[in-house]
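This report concerns only the one structure given below.
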Amino acid sequence: MRILATASCLALISATAHADPLPSWSDSDAKTSIIDFVESVTDPASDSFVPAPDRIATFDNDGTLWTEQPVYFQGLYALDVLKEKAAEDPSILSSDLLKSAAEGDVEAVMAAGVEGLLEVINVSHADTTVDAFQSDAYDWLTTETHPATGLPYAEMVYQPMLELLAYLRDEGFTTYIVSGGGIDFIRAFADEAYGIPPWQVVGTEGNTRYEVVDGVPQLSKDGGVTFIDDKEGKPVGIIRHIGQRPIFSAGNSDGDFAMLEYTTAGEGARFGMLLHHTDAEREFAYDRDSDIGQLVRGLDEGPERGWTIVDMAQDWDKVFPSDGRAER
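Numbering follows my numbering, with no gaps: position 162 of the sequence shown is 157.
Okay, here's the thing in structure tokens:
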């Protein structure tokens, strides 16, 4: 699978980190602020020193570690699965929205908001085992391609963020994903894509059932949503799964505001980072008026809270690991 190339890239990043830990980042204030923070909390002689067990870093996924436009990738996956299921059993299309979704009408799903997307995911992600779901999601991510770049979805990860993850881990941080996306979906690829194992993924959760079928124990997805790991839910997800407040958090939208607010409200050295999508040429440019990844409060309040706002167009020399189009 081509996603393995990303895993090899992670190893190379880690091995060469001593030269420049963030080589795809421009020599800007954003890069300087990250390195200054990491050096201060890892230096035993510094007043800001933080012991390694407390060096917790949390990252949003969609729009922070990989692309989220034109639609969340999990949403596009759900549409494809729904179409396949409907071909076998048309009765599952019990609403006009589901009928539109099965026809590939992305605009109709987006117009229905989060509730509409959850309705599609509820039907498409149900009646399968966790293992089968993750295997199918992995195959889709590594074979289906993004409409704008032609890259497999799994390769739409951000090279600068891969470097940041590796840099933090090299400096004794433990890195977690804290995402509004489905926890099982993210766990299907996070280890290979980012070097983040399944037990360090926090995400939205659905009904899961244990049963023994023909003598084989298995976990099945029953649809529905039991916990939404977004907005104010992110700090809740952090304390449920991680058990302590991070000292470093990165996001890209107002859905991440509460996570950064919670992180930076703690005592001692803290770091909050928001990725601002300003690069229409190499990726996408959006913020205040976007249906996906809307960023308003973060832009207005982030700087006064001391958060670092990363300008993709100015602060990144490269966007994707393997796409020459995404270099300056």
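For every residue, glycine included, the Cβ atom is placed at its ideal position computed from N, Cα and C.
Asked                                                                                                                                                   : Found
Beta-carbon within less than 7 angstroms of Asp186's beta-carbon, same chain only, minus the 5 sequence neighbours each way: which residues are those?  : Pro192, Pro193
At which residue ranges does the segment 207 to 280 contain complete beta strand (DSSP E) runs of 3 or more residues, listed in the order of the chain? : 211 to 222, 243 to 246, 266 to 271
Do you know whose CA, among Gly218, Ala253, Gly246, Gln195, lies nearest Arg204's CA?                                                                   : Gly218
Within the chosen definition, does the segment 92 to 106 reach the segment 26 to 43 through at least 3 CB pairs nearer than 8 angstroms?                : no
Along the alpha helix (DSSP H) that carries Phe68, what are the first and last residues, could you check?                                               : 68 to 83
What is the residue span of the beta strand (DSSP E) that Gly190 lies within?                                                                           : Note, Gly190: premise wrong, no beta strand (DSSP E); not H, not E.
If the criterion is Cβ atoms closer than 8 angstroms, does the pair His271 and Asp284 meet it?                                                          : no
Are the segment 248 to 263 and the segment 217 to 232 touching by the rule of at least three beta carbon pairs closer than 8 angstroms?                 : yes
Going by CA-CA distance only, name the one from Phe266, Tyr67, Lys216 that's closest to Ala127.                                                         : Lys216
State the start and end residues of the unbroken beta strand (DSSP E) segment that holds Ala52.                                                         : 51 to 54
Pairing CB atoms from the segment 110 to 123 with CB atoms from the segment 70 to 80, are three or more of them under 8 angstroms?                      : yes
Give, in chain order, every unbroken run of the alpha helix (DSSP H) that is at least 4 residues long and sits entirely within the segment 95 to 146.   : 101 to 106, 108 to 119, 125 to 138
With H, G and I counted as helix, E and B as strand and the rest as coil, what does DSSP make of Val204?                                                : In the sequence as displayed, the identity of residue 204 is Arg instead of Val. Three-state DSSP puts Arg204 in a strand.
Rounding to the nearest angstrom, what Cα-Cα distance links Pro328 and Thr62 in this structure?                                                         : In the structure displayed, the chain extends from -4 to 323; residue 328 sits before or after that span and is not available.
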